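Chains as they are written, first to last, in the numbering used here: chain A, 44 to 271; chain B, 1416 to 1528.
All C-beta atoms, glycine included, are put in the ideal place defined by N, C-alpha and C.
Remember, predicted model here, so these are calculated numbers, not experimental data.
What follows is one structure encoded as structure tokens, with my remarks underneath.
Here it is as structure tokens:
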């Protein structure tokens, strides 16, 4: 989860987020080099004494500075499109979880094997333990098995919300009357935190999401305990 | 961009929040770019004795070589990583199927053993 000085990505917990971090590294290197180049050129221009009162055009340099940026954009676009289509690949999810956003809590349904439904409310600060995370911990976490393809179906019951888990690279709008679908695979156990990402009223900041990734046998035991 | 910071008594350089040691191809690209740029700039200066133009040559060479090498290195790394993941997935499946009828490494039929 993010701590107080955490500005950029959290460590990835899914292959999709891992690829996004690699793409981010690639793009930031290109941007940093372009910025360095432009700053160098600006310094050169400011600190030289060349003058040309009749400078009108320069066909060669204009061709150069059109083609080179186009090539740079292609170098950025190719990995970007690759990742975009990778995220839409067809896979066979083993589990489907439905998420419904309400004012101001999330509810989850696991209907595949037996009907399990529960609500997930934020634990108020007054009831927090010293070891809890303020404004992030919930009473019922979303338990998901790791190394398993999971289909998430997200909708809302009243106004628009957004289900977000940065460590999994997911941010999906929860829109009333619409089912949005996404596929995730969590490749390590742990707790992954997120917060509602679409303004939805007074307590928009107080409806967090906690995904708890466990191994398959623990997940099956949990499902059995919820059914009983 | 955060500067140098000490972590567990080891110096760590962050590039936009990421430790540069964790970015594949970062070190090789920048080392190649910096050394090539310096070399080309120095060679140009030795040949022409023009300081500013040599510095420009050196710098633009650094930018170009770093970008080109970075793109090539990341593409190659991405292809290799795909093969590693296939091997890893195959090994995991073989470990799960070991001792069963579908064991890919079995040499003796189970009913003959």
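- Here the region 167 to 174 of chain A does not lie against the region 101 to 112 of chain A, with fewer than 3 beta-carbon pairs under 8 Å apart.
- Residue 257 of chain A is a Cβ neighbour of residue 189 of chain A, given a cutoff of 8 Å.
- Put simply, the CB of residue 68 of chain A is near chain B, with a gap under 8 Å to one of its CB atoms.
- Close CB contacts of residue 1472 of chain B within its chain, under the 8 Å cut and outside five residues either way in sequence, are with 1455, 1456 and 1459 (chain order).
- Contact with chain A is absent for residue 1456 of chain B, since none of that chain's Cβ atoms lies less than 8 Å from the residue's Cβ.
- Under the 8 Å criterion on CB atoms, residue 1447 of chain B is classed as non-interfacial with respect to chain A.
- A straight line joining the alpha-carbon of residue 1447 of chain B with that of residue 1428 of chain B spans about 19 Å.
- If you ignore the 5 residues before and after residue 1469 of chain B, its C-beta comes within less than 8 Å of the C-beta of 1456, 1457, 1459, 1460 and 1463, all in its own chain and listed in chain order.
- Ranked by Cα distance from residue 220 of chain A, the first of A:209, A:180, A:266 and A:144 is A:144.
- Per DSSP, the unbroken beta strand (DSSP E) holding residue 236 of chain A starts and ends at 233 to 238.
- For residue 270 of chain A, the enclosing alpha helix (DSSP H) starts and ends at 259 to 270.
- Sequence-distant partners of residue 202 of chain A (beyond 5 residues in either direction) whose C-beta falls short of 6 Å from its own C-beta, in its chain, are 243.
- DSSP, read as helix, strand or coil, puts residue 251 of chain A in strand.
- Listed as beta-bridge partners of residue 187 of chain A by DSSP are A:256.
- Rounded to whole angstroms, residue 1501 of chain B and residue 78 of chain A show a C-alpha spacing of 38 Å.
- Within its own chain, the residues whose Cβ lies closer than 7 Å to the Cβ of residue 1444 of chain B, once the five positions on either side in sequence are excluded, are 1481, 1484, 1485 and 1488, listed in chain order.
- The residue from A:134, A:84, A:269 and A:265 with its alpha-carbon nearest to that of residue 1478 of chain B is A:84.
- Rounded to whole angstroms, the gap between the alpha carbons of residue 68 of chain A and residue 1438 of chain B is 7 Å.
- Shown here for residue 1450 of chain B: not one same chain residue has a beta carbon closer than 6 Å to its own, the five before and five after excluded.
- Nothing from the region 246 to 260 of chain A brings a Cβ to less than 8 Å from some Cβ of chain B.
- With respect to chain A, the C-beta atom of residue 1438 of chain B has a partner C-beta closer than 8 Å.
- Distance from residue 135 of chain A to residue 192 of chain A at the Cβ level is roughly 6 Å; contact confirmed, criterion being Cβ atoms closer than 8 Å.
- Counting the other CB atoms within 10 Å of its CB gives residue 148 of chain A a total of 16 or more, which places it among the buried residues.
- In the pairwise beta carbon analysis, the region 82 to 100 of chain A is classified as not touching the region 230 to 239 of chain A: fewer than three pairs are separated by under 8 Å.
- Against residue 228 of chain A, chain B offers no close residue; the least beta-carbon distance is about 13 Å (beta-carbon pairs closer than 9 Å).
- When the Cα atoms are used, residue 197 of chain A and residue 1503 of chain B turn out to be separated by approximately 33 Å.
- The three-state reading of DSSP puts residue 144 of chain A in strand, counting E and B together.
- Secondary structure of residue 64 of chain A (DSSP, three-state): helix.
- By the Cβ neighbour-count rule, residue 108 of chain A is exposed, with fewer than 16 other Cβ atoms within 10 Å of its own.
- Distances from the CA of residue 120 of chain A to each of A:187, A:66 and A:97 were compared; the closest alpha carbon is that of A:66.
- Any Cβ of chain A closer than 8 Å to the Cβ of residue 1474 of chain B would place that residue at the interface, and such an atom is present.
- In the three-state DSSP reduction, residue 44 of chain A falls in the coil class, being neither helix nor strand.
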